[in-house]
Amino acid sequence: MLQFILRRLLLAIPVLFIVITISFFLVRLAPGNPFASERSYPPAVIEKLNAKYGLDAPLHVQYLRYLERVVFHADLGPSTR
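Remember, this note's numbering sits 25 above the position in the sequence shown when you count from 1.
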């Protein structure tokens with residue numbers, strides 16, 4: 026029984042990694058910009074927001090930062106609620 030539980034826990038690690046990876050890329054590769062809304066922001070404000078949230082970095086750097094936050098800090102990012 027203990028061996029079964031340990032095997033299931035070990036199998037959960039790659040599954041979680043795959044789910045985290047797919048969710049990150051689905052959100053990041055969606056068309057549009059998180060700051061493109063009905064309000065038009067000046068370009069300087071958009072640049073500051075992109076820098077604040079790390080959206081000005083390459084996609085692989087954004088992914089590694091996200092993975093670090095999720096794995097080591099259990100932080101899934103700002104809530105949209």
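We put the beta carbon where it would ideally sit given N, CA and C, even for glycine.
Just so it is clear, the structure is predicted and the values come from calculations on it, not from any experiment.
* Asked: Just checking, does the stretch 88-104 make contact with the stretch 31-51 on the three C-beta pairs under 8 Å criterion?
  -> Touching, yes.
* Could you check where the alpha helix (DSSP H) with S48 kicks off and where it finishes? -> Taking the first residue of the sequence shown as 1, we reach residue 48 at position 23. L27 to R53 is the span of the alpha helix (DSSP H), which, as asked, contains S48.
* Asked: Is N58 helix, strand or coil when you go by DSSP?
  -> Your numbering for residue 58 matches position 33 in the sequence shown. If DSSP states are grouped into helix, strand and coil, N58 belongs with coil.
* From L34 to P103, what distance separates their C-alpha atoms? -> Reading the sequence shown from its first residue, position 9 is the one you call residue 34. Reading the sequence shown from its first residue, position 78 is the one you call residue 103. C-alpha of L34 to C-alpha of P103: approximately 28 Å in a straight line.
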